[in-house]
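Residue numbers (mature numbering (1 follows the signal peptide of the UniProt record, and there is no 0)): -24 to -1, 1 to 190.
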């Protein structure tokens, strides 16, 4: 999905939403293939087709066509505003979510807030030939120079993003080891950065994760 803006008058703008069948099918295939390879049971398409009838309608049409090729995976649809409410109220009902970029930003940041903040949210940008892994939500608002200089930045998001990268590069056992170590450090609660209620530095958290690698 792409957004295009055009200024018509000094006080007026026209915004276009561009959604293609090719790109909609590509991201839908990725979502279902991800679910299949990772033993996930459900894919949820997030949309606003009640308002954006043509653009989001095409997106849903593409998702439905792809869903037919994966009969072992449950497929459902949800409007984005209801999705954000349901994420807060009953997050366990979701498994894999597929959505155009705009709604994905809203959903990802809502999920980040539930999980503990942007410091624990991993992310990846996967293309046909290349992939980049980084902090998954509001990356421009975190990790600023002051936090880095004071050694207070939460490294969990980048560590988990590294695990995603390892899995993408076909090193699942190494990814599992890293994820397990990170989860163990967080669950034990002895070494957490300030945003998670602790007083540990960035380096102390990294050292604790390294110590828990098996």
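Idealized CB from N, CA, C, for every residue including glycine.
- Shown here, residue 37 sits in a helix according to DSSP, grouped into three states.
- The beta carbon of residue 135 sits closer than 7 Å to the beta carbons of 154, 158 and 185 from its chain, once the five residues preceding and following it are set aside; these are given in chain order.
- Assignment of alpha helix (DSSP H) within the stretch 15 to 59, counting only whole runs of 4 or more residues, yields 31 to 43 in chain order.
- Between the stretch 58 to 72 and the stretch 100 to 114 there are fewer than three inter-stretch CB-CB distances shorter than 8 Å, so the stretches are not counted as touching.
- Secondary structure at residue 89: helix, using DSSP grouped into helix, strand and coil.
- Residue pairing by DSSP places residue 100 opposite 109 in a beta bridge.
- Annotation for residue 148: the continuous alpha helix (DSSP H) segment containing it runs 148 to 164.
- Distance from the CA of residue 79 to the CA of residue 73, rounded to the nearest whole angstrom, comes to 11 Å.
- Around the beta-carbon of residue 67, fewer than 16 other beta-carbon atoms lie within 10 Å, marking it exposed.
- In the structure shown, the three-state DSSP call for residue -9 is strand.
- Judged by DSSP secondary structure, residue -2 falls within the alpha helix (DSSP H) whose first and last residues are -4 to 13.
- Here the alpha carbons of residue 126 and residue 17 stand approximately 42 Å from one another.
- By the CB criterion at 8 Å, residue 29 and residue 55 fall outside the cutoff.
- CA-to-CA, the gap between residue 33 and residue 22 works out to about 11 Å.
- Considering only 123, 49, 133 and 177, the residue with the shortest C-alpha distance to residue 111 is 133.
- Its Cα nearest to that of residue 43, the residue 2 stands out among 2, 178, 123 and 88.
- Contact between residue 95 and residue 171 holds, with the beta-carbon distance rounding to 5 Å and staying under 8 Å.
- Secondary-structure assignment with DSSP links residue 73 through a beta bridge to 20.
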